[in-house]
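**Q**
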Amino acid sequence: KNEVEQSPQNLTAQEGEFITINCSYSVGISALHWLQQHPGGGIVSLFMLSSGKKKHGRLIATINIQEKHSSLHITASHPRDSAVYICAALPGPTSGTYKYIFGTGTRLKVLA
Amino acid sequence: ETGVTQTPRHLVMGMTNKKSLKCEQHLGHNAMYWYKQSAKKPLELMFVYNFKEQTENNSVPSRFSPECPNSSHLFLHLHTLQPEDSALYLCASSQGWTGGIYEQYFGPGTRLTVT
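In the order they appear, the protein sequences are chains A and B. Numbering (the numbering used here) for the first sequence: 1 to 112. Numbering (the numbering used here) for the second sequence: 1001 to 1115.
If you want it as structure tokens, here you go:
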């Protein structure tokens, strides 16, 4: 079992739908990083959060430290949101490591 | 140029060739990373450099040889690769590596095909 699990693995939505991608982790963390990878391969940073909620445009990220769970929400989805969304956990200071632990990604396709 | 840049974006090489991947960051960061992304697998950390010193080598075969001449530039020298080394190679940078929460910024990647 991976230390960082994402669900769903694949998601197809109609334009305009509200989308939720989930990330659960089993290790203590300092922060969680949400990333977006487009078909060309480049990775864009979306959010890095340690607690609570962050919002940028149509994207919202939340984290519940006690439950070891984070969600990425996309409101009013658009075909240009089609990408792979990756969550990466930054281990906590007692872990002895500073390496990101990556989820396997959620492949999102938004249909027009 | 802003952010993290990588060249070339695509590379096809034979198993006996020698080639190099280049990464440059314009963010004033002190740490730089090489990652490998194979199809349908999570990103795998290969190397970390912090203030030009290698701090992580994730059991990478010696046919991959990194070089960090300064905090802004990172190279990955390739020789006698195998077809299974075909993958997307991503460079990233961050302000620091230890002692804080540092967000990593990624480059566009080099898609490598070994024939």
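Using N, Cα and C, we set each Cβ at its ideal position, and we do this for glycine too.
Give the secondary structure of Arg-80 (chain A) by DSSP, where H, G and I count as helix, E and B as strand, and everything else as coil.
**A** Three-state DSSP puts Arg-80 (chain A) in a helix.
**Q** Using a Cβ-Cβ cut-off of less than 7 Å, list which residues of the segment 1058-1075 of chain B approach chain A; keep chain order.
**A** If the cut-off is 7 Å between Cβ atoms, the segment 1058-1075 of chain B has nothing near chain A.
**Q** In terms of DSSP beta bridges, what is Gln-36 (chain A) paired with?
**A** According to DSSP, which records beta bridges pairwise, Gln-36 (chain A) is partnered with A:Val-44, A:Tyr-85.
**Q** What are the residues of the segment 41-58 of chain A that lie near chain B, defined by any Cβ-Cβ distance shorter than 8 Å?
**A** Correct list: Gly-41, Gly-42, Ile-43, Val-44, Ser-45, Met-48, Ser-50.
**Q** Could you tell me whether any Cβ in chain B is nearer than 8 Å to the Cβ of Thr-104 (chain A)?
**A** Answer yes: the Cβ-Cβ gap between Thr-104 (chain A) and chain B drops below 8 Å somewhere.
**Q** Can you tell me whether DSSP reads Pro-1083 (chain B) as helix, strand or coil?
**A** Reduced to three states, the DSSP call for Pro-1083 (chain B) is helix.
**Q** Kindly identify the DSSP beta-bridge partner or partners of Phe-18 (chain A).
**A** Bridge partners of Phe-18 (chain A): none, in fact.
**Q** Is there a Cβ from chain B that is less than 8 Å from the Cβ of Ser-82 (chain A)?
**A** Not closer than 8 Å to any Cβ of chain B, the Cβ of Ser-82 (chain A) fails to qualify, so no.
**Q** Following the continuous beta strand (DSSP E) through Ile-1101 (chain B), name the residue where it begins and the one where it ends.
**A** That residue, Ile-1101 (chain B), is in no beta strand (DSSP E); it is neither H nor E in DSSP.
**Q** Going by C-alpha distance, which of B:Leu-1088, B:Ile-1101, B:Ser-1072 is nearest His-1010 (chain B)?
**A** Taking only the C-alpha atoms, the option nearest His-1010 (chain B) is B:Leu-1088.
**Q** Since Thr-1113 (chain B) sits in a beta bridge, which residues does DSSP pair it with?
**A** Partner(s): B:Val-1012.
**Q** Name, please, each residue of chain B whose Cβ falls closer than 7 Å to the Cβ of Ser-30 (chain A).
**A** Chain B residues near Ser-30 (chain A): Ile-1101.
**Q** Tell me whether the segment 48-56 of chain A and the segment 1016-1036 of chain B touch, counting them as touching only if at least three CB pairs, one residue from each stretch, are closer than 8 Å.
**A** Too few Cβ pairs lie closer than 8 Å, so no.
**Q** Using C-beta distances below 7 Å, list every residue in its chain close to Gly-16 (chain A), excluding the 5 sequence neighbours before and after it, in chain order.
**A** These residues qualify, in order along the chain: Ala-76, Ser-77.
**Q** Flag Pro-1008 (chain B) as yes if its beta-carbon sits less than 8 Å from any beta-carbon of chain A, otherwise no.
**A** So no, Pro-1008 (chain B) is outside the interface.
**Q** From the DSSP output, in three-state form, read off Ser-95 (chain A) for me.
**A** Correct three-state label for Ser-95 (chain A): coil.
**Q** Can you have a look at Pro-1069 (chain B) and say buried or exposed, based on whether 16 or more other CB atoms are within 10 angstroms of its CB?
**A** By the neighbour-count rule (16 or more Cβ atoms within 10 Å), Pro-1069 (chain B) is not buried but exposed.
**Q** Please report the Cβ distance between Tyr-1035 (chain B) and Glu-1044 (chain B), rounded to the nearest whole angstrom; I am assuming they are in contact, meaning their Cβ atoms lie under 8 Å.
**A** At roughly 6 Å, the Cβ-Cβ gap stays under 8 Å, so Tyr-1035 (chain B) and Glu-1044 (chain B) are in contact.
**Q** Please state the DSSP three-state secondary structure of Phe-1064 (chain B).
**A** Note: Phe-1064 (chain B) maps to strand in three-state DSSP.
**Q** Considering only their Cβ atoms, is the gap separating Gly-1096 (chain B) from Gly-41 (chain A) smaller than 8 Å?
**A** Cβ distance not < 8 Å, so Gly-41 (chain A) and Gly-1096 (chain B) don't count as in contact.
**Q** In three-state terms, what does DSSP make of Ser-26 (chain A)?
**A** Note: Ser-26 (chain A) maps to coil in three-state DSSP.
**Q** What are the boundary residues of the beta strand (DSSP E) that Tyr-1049 (chain B) is part of?
**A** Unbroken beta strand (DSSP E) run through Tyr-1049 (chain B): 1044-1050.
**Q** Between the beta-carbon of Ser-70 (chain A) and the beta-carbon of Ile-60 (chain A), is there less than 8 Å?
**A** Not in contact: Ser-70 (chain A) and Ile-60 (chain A) (Cβ atoms no closer than 8 Å).
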